[in-house]
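Below: one structure, written as structure tokens.
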Amino acid sequence: MKKFRKVLDGLTTSSPVNPGGSPACGSAAGTPSAAPTPRDLEIQETLMSEHFQICKTVRHGFPYQPTALAFDPVQKILAIGTRSGGVRLLGRPGVDCHCQHESGAAVLQLQFLINEGALVTACADDTLHLWNLRQRRPAILHSLKFNRERITFCHLPFQSKWLYVGTERGNTHIVNIESFVLSGYVIMWNKAIELSTKTHPGPVVHLSDSPKDEGKLLIGFESGTIVMWDLRVKRADFRIYYDEAIHSVSWHHEGRQFMCSHSDGSLSMWNMRNTAKPFQVTFPHGKTQRDSRKESCKPILKVEYKTSRNSSEAFVVFSGGLSYDKAGRRPTLTIMHGKAITVLEMDYPIVDFMVLCDTPYLNEVQEPYAVVVLLEKDFVVVDLTQSNFPIFENPYPMDVHESPVTCTAYFADCPPDIIPVLYSIGAKHKKTGYSHKEWPVSGGTWTVGSQTYPEIIVTGHADGSIKFWDATAITLQMLYKLKTSKVFENPKSGDMGRSGDLVEEDPYAVQMISWCPQSRIFCVVGISAHVILYSFSKHDANTTITSLEVRLQCEMEDVISPSDTENTPCYSDPSGLSPQPQPPSPRSNTPDSTRDSITCLKVKDRMIRTPPGYQAELVVQFLWIDGEPPQQITSLDLNSAYGLLAVGNCNGLAVVDYLQKTILLCMNTLELYGSADPFQRLTRSPRKNRQSTSGLTELSDNQVSLDLERSKSPTSDHVNGHCTSPTSQPCPSGKARVPGGPEGPRLARRGPGRPPFRKAQSAACMEVSLPVSSLTEGYSSRRAMLQQLHGVSMYSHDEHHITTYSWSERESRENSFSRSRSSSVSSIDRETKEAVTTLQFMESYGRKSDSLPTPCLWVGTSLGLVLIIPMSIPMDEQERQEDHVTVAPTGTVLMLKGSILRFSFLDCGGALIHSPYEVWRDQQAPGDPDRPRKRKLVNFSASSSQEASGDCHLAVVCSERQAKVFLMPTQACLYVHNITESSFVLRADVVSVCNSVCLACFCANGHIMTLSLPSLRPLLDVNYLPLTDMRIARTFCFTNGGQALYLCSPTEIQRITYSQEMCDNLQEMLGELFTPIETPEAQNRGFLKGFFGGNAQTFDREELFGEASAGKGSRSLAQHIPGQGGMEGMKAAAGGVVGELARARIALDERGQRLGELEERTALMMTSAETFSKHAHEMMLKCKDKKWYQF
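Numbering (this note's numbering), first residue to last: 8 to 1198.
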């Protein structure tokens, strides 16, 4: 029934619309002409549902919240476990794989099966998992769930199939890696310690076999007890009871001594010949005080003791151990080599580290060559072969989160020359001092796939930096970094008045970016209501940055007075449709302008030298007005062919000519309509006592509980660059009110130079709990949801004191809101909150009567209205530099449900029409001054590309609820599709897939949809990613080729594909983690060394731990769970020439699995029979000597 209803909805919503059926689809002026029907256009759509499939491709960045580290010394593969249950596998550049435990439990420990292509993970839910790494997408083969004991430590000896597992109770269990079942051999804690011991030794914190004798197992307990357990005779060789708690143990390769790290910051050395006391105890960072006592030190959490051939002195590497009195010192890694002690300070706390050695055998000279250090937010590899211990240059993109990511952009199929140019510029600014040796993690194989094209990812950050990444062939490599903060004066040293010391952190945070790869023009929107325009040059230059100031703040109300009308602060001609260009206003002409017209940041007004790369040309800043901060920018578009830049916010629109450095248009949104306003609103001056609104920065880092029963009237929001402007409300009871009340000073008074924000809201820290089911119940639009997420920030009159009210407080005062909340007032309030949400320059038709396309600006608002603004641009290059561009709003209005998100244009053949652009030219290149380089423009007008169908094209408009296709210039609505009724669209893009185009949408309920163009026929609807935090909403973006990305954690970028073709080719694009390598042979110890020192003894573990001698482990203690993912992965990989063989092998494995289950059932029956026989025998013995009369 549900499927039938879905089909019926598709027939009703995607069917062609009668041109005269909806007044919203026509123009406000002019006579509607007869529009062609879709059948007359004869557009053949080639995309089908079979062309689409959702799957993850690759994850980039640093693993978020790492917990464990492991390394395979033969395969040279590194594994990192995380708190969320993820496992990151890294090899040579290009070999990068992410695995995820379905339980989401934290990974406690990782153990490679060295040179076997397998990995064992121990998770916080007391489950062991065996991963198969011999396939491009690793999968779980077996799992073992412990029920009664908690796992604390695991150890897998080299070339052994028996895994030692220590538990919180102090017991040690043994697991068969092949079958993943418990052995009956158990080392109980009460047998490991002496019977006279009265206290429990604590959890097992260390397990290792002796390098000299594999039949001896060293067990370390947390309390300080160390036991050498003889596995053959099942008793302890010796026991050590130390006063300090043990954190780790490390052997000397000869097996005669070992080293322990303790909680008091000491290292103790023990000799196997005399275990009564340590023969050496050192406090590496503890100084002797006057009373001959050592100063207290922090615990040494881990130590590694490695020997080297070239030196008689061993390497001792440990973390921690600093004295407590040195407060504020950064975390350290200490390297002791002989008498030399080197302390390496780290930027973040150390999670784990490993010393990489040449040999996998513990009884050989280790020969360490590097130390891998896993930090909380970084990954460092130290070169041990050089005396100054330099670090290796990290080839992985681990610094995506160097500053929190605030926005992303994804560009596929870029011009082929842009990546080499950016790389050559960025290479000049790379850091030096790295080790010259090759990166030690070099395992796996990777080749560039056959279907590759240039891809670039651009990330904006909280510190104002921009990073360009080469994302070609599912890799990620840093190309170029741009710092936007260099455009502005230092707030502390600049002449900013009293606001110099009041600027909050992150004033340069990047909010939005716009990039034209063809012309290499780059535009950045900052959180301080500023826009920076950059041009690219291969040469350095001495430039002066032009600054333009925009005064745009105006509100609407249903009833106005004549005095209010006279004071409307908008620079626009109230009667004409073509305002005159406006020169930039000086900052301090009059005392009034100095007091009111202040920017948040000060642009450098001197000549500055800019290096090759992106060089700032123009800065557009919105001004404070009457002590109130400017609204944050919600939309941006630039066009290099026109030389124009359009900027919109919650109040209106500004159009800037960046070639002539002038403001062409600065109008309130309402004035753009003229007499065609569908709501018939009027303007008035800014409200006198309006509180400042919360901006981009008011989302909390913590989880916020939401009341899902309330549905607020829509306001504008900050997803995809929309700004949230909640209505002002009085302070709740119990909170301090601002002196003066409504007649007093404004609450927003924070100094003229103080940015209207508290902290830049990075996309990395916006984790807000949003139950998916609630999105279909309580929220009528995304603005209603995000208004609750943002809360309201109330600023007191004290500039140093900020009070932020959470949503729960805000809701509690909802009933005391002074204004009427009737439906009529609510509707007026909703209509007046109209933000410009999207902008697009395009060759189009501004009026129905136009016969030829002209340059136009399409404007979309938060109320679902579309305005088309035609422009007159001089075509001659000389005239373009001298004559003014005329911008003439015509009052043409189209209407959709919900806030407008995206515009796109198709010709009458269904092909995508790109915006015109200027071919890049280096303006700083040396040349003939008498013959300057001319501008080369590329135009994609529909009239030139589609002669047979006449002068017309299709306009695709997508809002947060529906999509429409209009025929231009008649403005007839040909197709309409209601995308969602219960949720809302967060991101929409028209993208190229399989040599065609479609509309891709990402909804707040987690659905990813694709619609055919122009018929808007649903092709894909998958519930992929529930919107669990705002980070996803702010960073999700589509691109051509069926790809998309989003920030899945504060430090990681997840790339996905929705193309079936790319899913089919993904196996070819991914790297191989396992490569067949012969295991290195053990070194011959020699006759004399073996005679005097004793050869390393080996023993048969199968004989000790096997079922024949030790029996089976308790089934109630651990439960075996077969891994279905491994079979499915093998089935997916079976194909091509060896497909039949692979399928036969899968069948054999499945048969073996069924036989194994049958064997388990048989064993269970045998156990039951043995129990019955035992009870019968006991009964017989009990009754054997009794007489017949005793029964």
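Every residue gets a Cβ at the ideal spot worked out from N, C-alpha and C, and that includes glycine.
Selection from the options that minimises the alpha carbon distance to residue i
i: residue 173; options: 1108, 208, 257 and 142; result: 208
i: residue 361; options: 348, 117 and 925; result: 117
i: residue 412; options: 391, 257, 1038 and 484; result: 1038
i: residue 390; options: 440, 262 and 247; result: 440
i: residue 275; options: 532, 250, 911 and 864; result: 250
i: residue 1199; options: 317, 328, 318 and 196; result: Within the shown structure, residues of the chain are numbered from 8 to 1198, placing residue 1199 beyond reach of any answer.
i: residue 436; options: 619, 1113 and 847; result: 619
i: residue 339; options: 79, 931, 189 and 292; result: 292
i: residue 110; options: 134, 96 and 104; result: 134
i: residue 1025; options: 1015, 1032 and 106; result: 1015
i: residue 347; options: 356, 1181, 322 and 484; result: 322
i: residue 403; options: 104, 521 and 143; result: 104
i: residue 431; options: 520, 480 and 485; result: 485
i: residue 373; options: 320, 341 and 419; result: 320
i: residue 477; options: 438, 433 and 469; result: 433
i: residue 610; options: 1011, 269, 494 and 677; result: 494
i: residue 1056; options: 350, 1043, 560 and 453; result: 1043
i: residue 233; options: 225, 240 and 239; result: 225
i: residue 1086; options: 121, 991 and 1052; result: 121
i: residue 983; options: 960, 1023, 961 and 974; result: 1023
Spatial neighbours of residue i in its chain, beta-carbon cut-off 8 Å, leaving aside the 5 residues before and after
i: residue 945; result: 525, 648, 923, 924, 925 and 926
i: residue 337; result: 352, 353 and 354
i: residue 622; result: 541, 542, 543, 544, 548, 550 and 931
i: residue 1191; result: none
i: residue 868; result: 676, 841, 842, 843, 844, 874, 906 and 907
i: residue 277; result: 233, 247, 264, 265, 266, 267, 285 and 286
Other residues of its chain near residue i: CB distance less than 6 Å, five sequence neighbours each side excluded
i: residue 309; result: 255 and 326
i: residue 988; result: none
i: residue 1058; result: 68, 69, 71 and 408
i: residue 1090; result: 371
i: residue 492; result: 471 and 515
i: residue 917; result: 50
i: residue 911; result: 963 and 997
i: residue 429; result: 475, 486 and 487
i: residue 1179; result: none
Cβ-heavy atom distance, residue i to the ligand FMN, below 8 Å
i: residue 305; result: In terms of ligand content, the structure shown is empty, and the ligand FMN therefore cannot be addressed.
Per DSSP, the bridge partner or partners of residue i
i: residue 435; result: Paired residue(s): none; residue 435 is not in a bridge.
i: residue 277; result: 265
i: residue 107; result: 93
i: residue 924; result: 945
i: residue 616; result: 549
i: residue 451; result: Looking at the DSSP assignment, residue 451 forms no beta bridge with any residue, so it has no partner.
i: residue 554; result: 626
i: residue 295; result: 301
is_contact[residue i, chain D] using C-beta, thresh 9 Å
i: residue 227; result: The chain labelled as chain D is not found in the depicted structure, where only one protein chain is given.
Contacting residues, own chain, Cβ-Cβ under 7 Å from residue i (five flanking each side not counted)
i: residue 1143; result: The predicted position of residue 1143 is uncertain, since its pLDDT is 38 and thus under 50; a value taken from the coordinates is nonetheless stated next. Excluding sequence neighbours, residue 1143 sits near nothing in its chain.
* Asked: Are the segment 77-85 and the segment 419-427 in contact at 8 Å, needing three or more beta carbon pairs?
  -> Touching, no, given that fewer than three Cβ pairs across the two stretches are closer than 8 Å.
* Going along the chain, which unbroken runs of the beta strand (DSSP E) with 3 or more residues stay wholly within the segment 853-885? -> Counting only runs of 3 or more, we get 861-868 and 872-879.
* **Inter-stretch contact at 8 Å, needing at least 3 Cβ pairs: the segment 49-59 / the segment 1001-1017** => Taking one beta carbon from each stretch, the segment 49-59 and the segment 1001-1017 have 3 or more pairs nearer than 8 Å; the two touch.
* Asked: Where are the beta strand (DSSP E) runs, 3 residues long or more, that stay fully inside the segment 343-368, in chain order?
  -> If we require 3 residues or more, the beta strand (DSSP E) runs fully inside the segment 343-368 come out as 347-352 and 357-364.
* To do: Kindly provide the ranges of any beta strand (DSSP E) runs that are 3 or more residues long and lie completely inside the segment 960-1007, ordered along the chain.
  => Qualifying beta strand (DSSP E) stretches, in chain order: 960-966, 969-975, 979-985 and 992-1000.
* Counting Cβ pairs closer than 8 Å, one from the segment 1044-1051 and one from the segment 83-103, do we hit at least three? -> Verdict: no, contact absent.
* Note down, one range per segment and in chain order, each alpha helix (DSSP H) of at least 4 residues found wholly within the segment 1004-1086. => Under the rule that a run must span 4 or more residues, the alpha helix (DSSP H) segments found entirely inside the segment 1004-1086 read 1037-1042 and 1067-1076.
* To do: Indicate whether the contact test is met: 3 or more Cβ pairs, each with one atom in the segment 200-218 and one in the segment 161-178, closer than 8 Å.
  => Yes, the segment 200-218 touches the segment 161-178.
* Please determine if the segment 870-886 and the segment 854-861 are in contact, where contact requires at least 3 C-beta pairs separated by less than 8 Å. => Counting Cβ pairs under 8 Å, three or more are found: they touch.
* State whether the segment 888-906 contacts the segment 967-985, with contact taken as three or more CB pairs (one from each stretch) at a distance under 8 Å. => The segment 888-906 vs the segment 967-985: in contact.
* Asked: Would the segment 191-203 and the segment 142-157 be scored as touching if the rule is three or more Cβ pairs under 8 Å?
  -> These segments do not touch.
* Asked: Do the segment 92-100 and the segment 1104-1117 meet, that is, are 3 or more Cβ pairs less than 8 Å apart?
  -> The segment 92-100 makes no contact with the segment 1104-1117, as fewer than three CB pairs between them are under 8 Å.
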